[in-house]
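Take a look at the structure below.
Numbering (our numbering), first residue to last: 11 to 145.
Right, here's the structure in full:
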């Protein structure tokens, strides 16, 4: 039963991902699913298959985001990590408030998570843990 639940979650995540790729690439779900099938592609292969626009890393992505936002792609940006890392004193004297709040929120949604899986929230499967700020 647990394996079946886990497999349903994986299927939902896969379907969510393939759907987003298809929409972003202007292709059908079936076209992307035929390529994907859970495989991991090298950057060069992904470029050849039309899964990416160009090769690059985080810096390339930030420059592209700046260009799309009609900002100077050479502008300096500051990455802000969320949640903000705790200092050593905060860690030492942490009473676990964050953990308790997170567990309470999870407990409140446990039924929905078990029923719908982690991909049920609209666009929450794939998120960036930071926001680039332009200086």
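Every residue, glycine too, gets a C-beta built ideally from N, C-alpha and C.
- Assignment of beta-bridge partners to residue 62 by DSSP yields no partner.
- Residue state for residue 99 is assigned as helix, using DSSP reduced to three classes.
- Ranked by Cα distance from residue 48, the options 97, 58, 31, 54 are led by 31.
- CA-to-CA, the gap between residue 11 and residue 69 works out to about 44 Å.
- The Cβ-Cβ distance between residue 72 and residue 62 does not fall below 7 Å.
- Ranked by how close their Cα comes to the Cα of residue 37, the residues 15, 60, 56 have 60 in first place.
- The DSSP-derived three-state label of residue 21 is helix.
- Leaving aside the five residues that flank residue 29 on each side, the residues in its chain whose CB is nearer than 7 Å to its CB run, in chain order, 39.
- In chain order, 28 place their CB closer than 7 Å to the CB of residue 43, counting only its own chain and leaving out the 5 sequence neighbours on each side.
- The C-beta of residue 26 has 16 or more other C-beta atoms within 10 Å across all chains shown, which makes the residue buried.
- For residue 81, the three-state secondary structure derived from DSSP is coil.
- The residue among 64, 76, 52, 20 with its C-alpha nearest the C-alpha of residue 35 is 64.
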